[in-house]
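Input: a single structure, listed below in structure tokens.
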């Protein structure tokens, strides 16, 4: 069998059509997926409208209970009565006061509950529990 050897054309270029087709298919896929992802992950809620109103800024107090039961208010060590007095003063200045109560995971539940009890006894309506994302 005799094979003829073809001479290569020095001006020949590879065919780009299949690569362009693949790129366009990927582009269409990601565009369709992103639109589908956004529509399925959102809930459409029609919010009420108000003619008058203003933004309400709430002060956030951080109450932390350490491993050994020491209470900290905004990273300052306080006792139970000092915490109660500070929260009473802050609540009198701002009735929309928000308090985040966090506890070390090695602290006892009793220590955490006593801090929560002080915050609720003062009359704070917005009490949040501080957690950490896994």
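Numbering (this note's numbering), first residue to last: 26 to 159.
Just so you know, even glycine gets a beta-carbon here, dropped at the ideal spot from N, CA and C.
Only a predicted model underlies this, so the values are computations on that prediction, with no experimental measurement involved.
Residue environment, residue i, which counts as buried when at least 16 other CB atoms sit within 10 Å
i	result
residue 143	buried
residue 108	buried
residue 51	exposed
residue 140	buried
residue 61	exposed
residue 96	buried
residue 47	exposed
Given residue i as reference, the closest of the options once Cα atoms are compared
i	options	result
residue 150	53, 50, 85, 38	85
residue 133	115, 94, 48, 41	94
residue 147	112, 57, 36, 121	112
residue 123	129, 115, 130	115
residue 90	32, 152, 59, 135	135
residue 138	121, 105, 110	105
Exercise for review: Let me know the beta strand (DSSP E) ranges lying completely inside the segment 69 to 148, each 3 residues or longer, listed in chain order.
Suggested key: The segment 69 to 148 contains these whole beta strand (DSSP E) runs: 85 to 90, 96 to 98, 101 to 103, 123 to 128.
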